[in-house]
Amino acid sequence: EKLANRDLVNDPRKIYTYVGLPNKKTLSDAENAFTVNNSYITYQKLGISESDPDREAKRERIIKFIHGFDSYDWDLNGITDEKRKASYINDSGQTVQVEWILGAFIHSKPLIIHYGDKSVIYAGANDGMLHAFDDSDGRELWAFIPPSLLSKLKDFESNNTLQIFVDGTPKAYIERKRDGSIQKVYIIFGLRRGGDRYLALDVTNYNAPKLLWEIAPPTSSPLLGHEVTTGFDRLGQTWSAPLIKKVASGNGSKVVAFFAGGYDTCNDPNMSCGSTQKGNALYAIDIENGSLLWSFSNADMKFSIPSDITALDTNNDGNVDRLYVGDLGGQLWRFDIKNLDNIGEWQGKRIFRANQSSSEKRKIFYPPDVSFESDYEWVYFGTGDRENPKQETGTASFPTQNRLYAIKDRNPSTPLTEGNLVDVTSDILQKPNPTPEDINLQRQTLNNLNTSSGWFITLENKGEKTTASPVIFGGIVYYTTFTPSYPTEGDICFLGEGTARVYALQYKTGNAAFNFDLENDTEERKIIYKSDRSMIIGAGIPSQVVIAVVKGNVVGYVGVGGGIFSPEMGSKKNIIPLYWRRVF
């Protein structure tokens with residue numbers, strides 16, 4: 017709305033790129049302005065052929081379109097110097113056109129940085145740009161087009177094709193002075209579906225952003241000469257949000273960014289992969305220059321790793337020393353991080369395999385959550401093909417059913433399998449009115465849970481899959497799932513093409529944590545059994561459960577179907593901070 021109401025002629029947008037001049041990496045330099053009058057923005061950079069007689073006119077149309085003008089006359093009214101419009105159907109069923117400048121924000125989650133005098137929101141969009149907005153009034157401060165995307169902007173000429181550009185989530189490294197004021201701010205982001213690059217900007221001065229570096233695999237196209245490519249041969253689409261953490265270095269610490277190798281489009285629906293996929297690696301880089309510090313891949317790491325990474329500080333010294341991540345072959349990986357002076361001692365290995373044969377297709381798209389026991393860690397994660405959400409698993413054509421997993425990580429010498437876990441799908445421990453046989457089975461199950469390496473639950477609804485990371489809080493682990501094709505017996509008020517559920521499970525047993533299903537209760541007592549493990553919360557793909565403390569009370573939130581659902585939480589007690597410390 018702010019851009020729609022903005023006078024684009026008298027109050028033009030500040031849109032930048034990087035044209036490749038080594039001494040001109042401040043994006044607000046005139047040479048990097050994405051304007052018609054900047055001769056450094058050539059038609060060649062925009063991917064227009066030398067032989068095209070309309071090349072200069074096309075160049076101008078592209079630039080004006082990105083600034084918000086309807087230079088392609090999408091509304092067919094013959095006017096190309098007006099603002100772009102978008103159409104939608106209102107509550108009366110009428111098609112309405114409104115001025116609409118911004119592209120879609122699909123997977124890029126907003127990043128808010130508080131500078132003292134101002135708070136700035138950074139987010140990527142599918143209009144080709146990373147945007148910076150003033151948090152106080154929503155005004156766009158500036159936008160940045162990654163240089164590798166310049167040649168794709170011409171694809172906007174087709175009005176009926178979804179374009180993917182800056183689709184990744186930005187992450188920040190913030191260094192503050194003793195008085196709390198800003199010393200340094202870097203943001204690092206990938207392109208996700210938009211490409212195979214990571215970029216870093218110095219936004220210490222939010223009005224004068226600088227390009228720090230850009231990472232690309234050596235086979236990427238186009239390569240413009242300024243990219244860091246050495247060591248990134250396995251990099252796929254850059255889905256894994258950078259994890260910026262301190263690691264031990266000598267007698268101190270060094271800030272490092274970790275990310276997984278990313279996604280290979282061979283995993284898309286109706287595609288097939290070879291024996292080894294792109295993205296089958298883990299990387300650690302220097303955030304100052306993007307240079308590779310460490311990478312890991314081996315013969316067992318054959319599958320793409322689009323997931324974010326989970327990090328632990330197991331000895332509470334302020335430095336990361338453990339990482340977990342899953343891959344699209346259903347494998348869970350553990351990495352032990354030592355001092356940078358002994359980087360050769362950094363180790364990685366599989367600790368669990370969800371698939372025992374090539375016919376099983378369980379995929380891990382999201383990072384696990386972890387809880388600590390005295391001599392091991394619980395690692396929680398789920399499976400599901402996020403890029404094929406309508407896939408109906410558990411059918412003759414695709415028999416694999418997805419699972420919810422809880423693994424005890426005792427640093428196994430060989431990968432665990434489901435044979436090392438207890439199948440608690442039936443929820444025998446909470447069976448009401450158990451028979452003597454049931455009681456014996458309950459005792460056996462409890463013993464198995466104590467001696468095994470964890471538990472799992474099969475998602476029995478046809479096509480059900482996890483679509484976000486689990487969250488553990490107060491002894492309860494929360495998962496969210498999506499099932500395609502909303503059931504006919506569901507509430508007709510829910511719209512969409514699938515069912516969203518939230519699961520709340522006791523973290524050691526997988527038992528139902530709450531009395532979600534009131535229909536199985538009796539007049540005499542509440543019954544908590546298998547059907548109480550989950551509840552339907554709406555239609556569409558749900559978000560992760562987000563935990564917040566509001567006025568001392570614990571509140572959970574799940575985004576679903578354009579709204580917010582608040583599931584029951586395990587702790588109703590007031591939470592009072594005991595201490596705090598600055599991480600960066």
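Each residue of the sequence shown is one higher than the one before, counting from 17 in the working numbering.
Quick reminder that beta carbons are idealized off the backbone N, C-alpha and C, glycines included.
These numbers come from a predicted model, not from an experiment.
Item	Value
Beta-carbon proximity check, residue 328 vs residue 254, cutoff 8 Å	no
Length of the line joining the Cα atoms of residue 218 and residue 523	41 Å
Residue 575 - DSSP class collapsed to helix/strand/coil	strand
Continuous alpha helix (DSSP H) stretch holding residue 113: start and end	Where residue 113 is concerned, there is no enclosing alpha helix (DSSP H), although the beta strand (DSSP E) it sits in stretches over 111-115.
C-alpha distance - residue 231 paired with residue 75, whole-angstrom precision	27 Å
Completely contained beta strand (DSSP E) runs for the region 132-218, where each covers 3 or more residues	135-140, 146-150, 156-160, 187-192, 198-206, 214-218
Nearest-angstrom Cβ-Cβ length linking residue 370 and residue 338, presumed shorter than 8 Å	With a Cβ gap of about 21 Å, residue 370 and residue 338 do not count as contacting.
Proximity of residue 388 and residue 342 at Cβ, strictly below 8 Å	no
Per-residue burial, residue 27 [other beta carbons within 10 Å of its own, 16 or more giving buried]	exposed
Beta-carbon proximity of residue 528 to residue 544, cut-off 8 Å	yes
Extent of the continuous beta strand (DSSP E) run through residue 347	347-352
DSSP three-state assignment for residue 81, whether helix, strand or coil	helix
Simplified DSSP state of residue 526, which is helix, strand or coil	coil
In DSSP terms, what residue 517 is bridged to	497, 552
Alpha carbon of residue 225 to alpha carbon of residue 407, nearest angstrom	43 Å
Residue from 353, 330, 332 whose Cα sits closest to the Cα of residue 298	353
Per-residue DSSP class, three states only, for residue 449	coil
Cα-Cα separation between residue 507 and residue 560, rounded to whole angstroms	Confidence is the limiting factor: at residue 507 the pLDDT is only 45, short of 50, which leaves the residue's position unreliable and the question unanswerable from this model.
Rounded separation between residue 20 and residue 374 - CA only	51 Å
Runs of beta strand (DSSP E) lying entirely within the region 379-433, each at least 3 residues, in chain order	385-388, 393-398, 419-425
CA nearest to the CA of residue 462, picked from 450, 445, 449	445
Reference residue 533; option with closest CA among 480, 222, 517, 550	550
Contact check, residue 258 vs residue 273, beta carbons under 8 Å	yes
Option in 584, 432, 367, 483 with minimal Cα separation from residue 489	584
Pairwise C-alpha distance: residue 301 and residue 66	38 Å
Cα-Cα separation between residue 321 and residue 426, rounded to whole angstroms	23 Å
Beta strand (DSSP E) segment containing residue 269, residue limits	268-276
Close-in-space but distant-in-sequence residues of the same chain around residue 41 (CB under 6 Å, 5 per side omitted)	226, 227
Residue closest to residue 577, alpha-carbon to alpha-carbon, out of 542, 565, 567, 515	515
Three-state secondary structure assigned by DSSP to residue 230	strand
Residue nearest to residue 127 in terms of C-alpha spacing, selected from 203, 182, 155	203
Residues near residue 113 by beta carbon distance below 6 Å, same chain, minus five either side	101, 103
Cβ separation of residue 252 and residue 290, assumed to be a contact under 8 Å, to the nearest whole Å	Incorrect: roughly 13 Å between the Cβ atoms, too far for contact.
Sub-8 Å separation of residue 312 and residue 364 beta-carbons	yes
Pair within 8 Å by beta-carbon distance, residue 146 and residue 205	yes
Opposing strand residues paired with residue 439 [DSSP bridges]	472
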